[in-house]
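Protein chains in written order, with my numbering: chain L, 384 to 639; chain S, 497 to 873. Note that beta-carbon positions come from the ideal geometry of N, C-alpha and C, so glycine has one too. Predicted, not measured: the structure shown is a model, and the values here were computed from it. Notes to accompany the following structure.
Structural data, given as structure tokens:
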């Protein structure tokens with residue numbers, strides 16, 4: 384088994400202050416491995432986004448450790464965490480967070496620009512990344528000229544252009560219709576095939592289960608179950624079938 | 497090329513109305529500063545115009561003389577003592593003083609008499625456009641500037657008037673010798689100046705010293721100071737500084753001009769700070785995204801400072817254009833606004849500093865950005 388690209392060990396996170404303080408994570412351990420798409424699922428308020436933020440070095444744990452590429456982030460200040468993010472992590476957000484005044488190419492280039500890469504080569508890299516997500520023909524388009532699915536593709540291109548070891552996606556299909564959502568998940572699954580890169584997708588939409596190599600269930604700040612993608616899919620299909628059967632049975636009884 | 501400039505310019509132009517307001521604020525502020533500092537320079541120049549045009553290396557004057565227009569007098573003995581000092585080639589007397597100009601049609605106006613010996617030089621009119629300096633030797637001859645024709649009730653060379661009951665005739669006309677006090681200068685001979693101002697025949701206001709060829713001006717000054725009692729001896733540069741310092745700071749005029757300039761800078765800083773702050777607030781999501789994808793604080797600060805500098809450059813160019821119009825419009829007035837290359841550079845630098853200082857509030861705001869907010873928006 385490969386070493387984890389990013390790993391949380393016994394992470395505890397308290398959020399808020401005083402009476403409003405809540406324990407969002409209660410000792411969570413999770414390793415994200417290269418060549419794998421991990422789906423993090425759970426109800427609202429279960430701690431999914433907090434865990435994603437900690438794995439992506441946007442938040443620091445109250446207790447526990449986070450390791451990226453085998454190195455602990457303990458004691459890192461805001462600037463050091465920013466450096467780790469720009470070198471090791473690519474983010475995909477639910478609402479894309481593209482810059483409306485920049486073209487698709489420049490939006491992608493930003494991820495390189497913040498790393499100090501601003502040569503002509505950076506433009507070529509950005510265009511390559513857009514071609515990789517199927518937008519070679521939209522390089523000069525502004526976000527408002529793109530559909531939701533296309534905007535999310537630009538966001539994915541921005542996330543991968545710097546070759547990060549971890550791509551963290553927060554509900555990347557939540558703002559998209561089924562068809563576009565599937566296309567985005569297919570793209571993320573494709574990206575996850577690279578053995579040097581792990582992909583973590585936070586979602587609660589079970590329709591994306593077929594794309595997962597591994598599914599992690601979180602509830603009330605704790606990981607309650609981990610399973611392979613196929614197993615989760617089979618279980619979900621079984622539950623759906625039982626649900627359909629129960630509904631049909633109820634309908635027949637009502638008719639009678 | 498880095499995207500910093502592109503991000504900054506697009507952020508600015510995204511809300512054009514606000515951008516226009518920012519630029520107008522900068523223009524208003526810089527034009528105000530330009531006018532105040534231009535007036536300061538113009539005032540500083542005009543108050544020493546007589547000293548600047550005198551052919552003197554050193555000035556002997558009554559002790560405590562504050563400025564050229566101070567009409568106290570010296571005894572002629574000081575002149576002869578000065579001429580006996582090694583290194584002194586000439587000590588030309590100059591008599592100044594206030595008098596009344598009476599025109600034949602009636603009415604009197606205050607004037608400022610400047611009298612010098614035509615053979616020895618001293619302080620003779622310059623920029624003579626009609627008549628000649630030599631014509632001042634004619635009895636009753638005076639020289640006036642044509643910008644004061646209306647005020648003096650004359651319309652051409654040969655016009656008559658009266659000063660202290662004595663008939664005078666305009667025999668030379670100058671161009672551009674204006675007084676910031678609005679009292680016209682009237683040039684004449686030494687004797688006539690004494691007569692017009694009631695100065696005794698053995699008195700003069702200044703003795704203008706020319707040093708002998710090869711003599712060191714400061715050494716001669718020191719020798720004069722050591723030998724003459726109860727007088728001040730200053731080099732032309734020292735007299736210019738003393739005069740300028742009296743009019744600019746002794747009267748409070750300079751402080752008022754600086755206060756106006758400072759006010760302009762404060763107004764400009766507040767306007768630019770306010771617009772940059774609200775622009776940053778509007779783009780807070782984008783700055784949080786930048787932070788989330790790993791940009792350093794410095795990168796974001798550069799974007800904001802770049803916004804400030806773009807605003808500064810555009811604002812300054814427009815202000816400079818307006819400034820040039822103002823300079824041209826006041827060129828022929830008693831107190832022209834002066835723009836020099838050095839002042840232009842200073843103003844450009846001030847504009848940049850003002851805009852960068854204005855960016856501080858916005859920078860403080862983005863420094864506090866929590867990148868996690870990208871998940872909640």
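Where the alpha helix (DSSP H) through residue i begins and ends
i	result
residue 506/L	503–515
residue 534/L	531–543
residue 636/S	That residue, residue 636/S, is in no alpha helix (DSSP H); it is neither H nor E in DSSP.
residue 562/S	Segment: none, residue 562/S is in no alpha helix (DSSP H) and carries neither H nor E.
residue 412/L	Residue 412/L -> not in any alpha helix (DSSP H); beta strand (DSSP E) instead, spanning 405–416.
residue 825/S	793–826
residue 492/L	487–496
residue 831/S	From DSSP, residue 831/S is part of no alpha helix (DSSP H); its letter is neither H nor E.
residue 543/S	Run containing residue 543/S: none; DSSP gives neither H nor E here.
residue 782/S	780–788
residue 432/L	431–438
residue 501/S	500–510
Reduced DSSP category for residue i - H, G, I as helix; E, B as strand; rest coil
i	result
residue 728/S	strand
residue 536/S	helix
residue 649/S	coil
residue 616/S	coil
residue 674/S	coil
residue 608/L	strand
residue 691/S	helix
residue 552/L	strand
residue 473/L	strand
residue 570/S	strand
residue 870/S	helix
residue 527/S	helix
residue 664/S	strand
residue 865/S	coil
residue 464/L	helix
residue 736/S	helix
residue 760/S	helix
residue 859/S	helix
Identity of the residues DSSP links to residue i by a beta bridge
i	result
residue 455/L	450/L
residue 423/L	585/L and 599/L
residue 626/S	669/S
residue 844/S	In the DSSP output, where bridge partners are listed per residue, residue 844/S has none listed.
residue 684/S	611/S
residue 906/S	Lying outside 497 to 873, the shown extent of chain S, residue 906/S is not represented and no answer is given.
Range of the contiguous beta strand (DSSP E) that encloses residue i
i	result
residue 658/S	656–659
residue 611/S	604–612
residue 564/L	Counting along the chain, residue 564/L falls outside any beta strand (DSSP E), though it belongs to the alpha helix (DSSP H) covering 561–575.
residue 713/S	Looking at the DSSP string, residue 713/S is not in any beta strand (DSSP E); the run it does join, the alpha helix (DSSP H), is 713–723.
residue 524/L	Neither: residue 524/L is in no beta strand (DSSP E) and is coded neither H nor E.
residue 477/L	Note, residue 477/L: premise wrong, no beta strand (DSSP E); not H, not E.
residue 593/S	584–598
residue 594/L	Note, residue 594/L: premise wrong, no beta strand (DSSP E); not H, not E.
residue 393/L	387–398
Expected contact under 8 Å - CB spacing of residue i and residue j to nearest Å
i	j	result
residue 509/L	residue 498/L	Between residue 498/L and residue 509/L the Cβ distance is about 12 Å, and since that is not below 8 Å, they are no contact.
residue 452/L	residue 392/L	So it is not a contact: roughly 15 Å between Cβ atoms.
residue 417/L	residue 579/L	5 Å
residue 605/S	residue 594/S	The Cβ separation is near 11 Å, so there is no contact.
residue 761/S	residue 858/S	That pair is no contact at about 18 Å.
residue 596/S	residue 707/S	That belief does not hold up - the Cβ atoms of residue 596/S and residue 707/S are roughly 38 Å apart, past 8 Å.
residue 871/S	residue 445/L	At roughly 18 Å, the Cβ-Cβ gap does not stay under 8 Å, so residue 871/S and residue 445/L are not in contact.
residue 497/S	residue 501/L	6 Å
residue 516/S	residue 810/S	Between residue 810/S and residue 516/S the Cβ distance is about 10 Å, and since that is not below 8 Å, they are no contact.
residue 559/S	residue 729/S	With 8 Å as the limit, residue 559/S and residue 729/S do not qualify as a contact, their Cβ atoms being about 10 Å apart.
residue 540/S	residue 744/S	6 Å
residue 461/L	residue 455/L	Rounded, the Cβ-Cβ distance is 17 Å, inconsistent with contact.
Are the region 658–671 of chain S and the region 572–579 of chain S in contact at 8 Å, needing three or more beta carbon pairs? Flag = no, the region 658–671 of chain S and the region 572–579 of chain S do not touch.
Touching or not, the region 776–794 of chain S and the region 831–851 of chain S, by the rule of three or more beta carbon pairs under 8 Å? No contact exists between the region 776–794 of chain S and the region 831–851 of chain S.
Contact between the region 745–762 of chain S and the region 580–590 of chain S (3+ Cβ pairs under 8 Å): no
Contact between the region 664–678 of chain S and the region 700–711 of chain S: three or more CB pairs below 8 Å? no
Can at least three beta-carbon pairs, one atom from the region 423–432 of chain L and one from the region 591–601 of chain L, be found at a separation below 8 Å? yes
Touch test, the region 535–554 of chain L against the region 511–523 of chain L, Cβ-Cβ under 8 Å, three pairs minimum: yes
Would you say the region 464–475 of chain L touches the region 545–557 of chain L, given that touching needs at least three Cβ pairs under 8 Å? Yes, the region 464–475 of chain L is in contact with the region 545–557 of chain L.
Touching by the beta-carbon criterion (3+ pairs, under 8 Å), the region 529–536 of chain S and the region 752–766 of chain S: yes
Does the pairing of the region 681–688 of chain S with the region 626–636 of chain S give three or more beta-carbon distances under 8 Å? yes
Inter-stretch contact at 8 Å, needing at least 3 Cβ pairs: the region 565–577 of chain L / the region 394–414 of chain L: no
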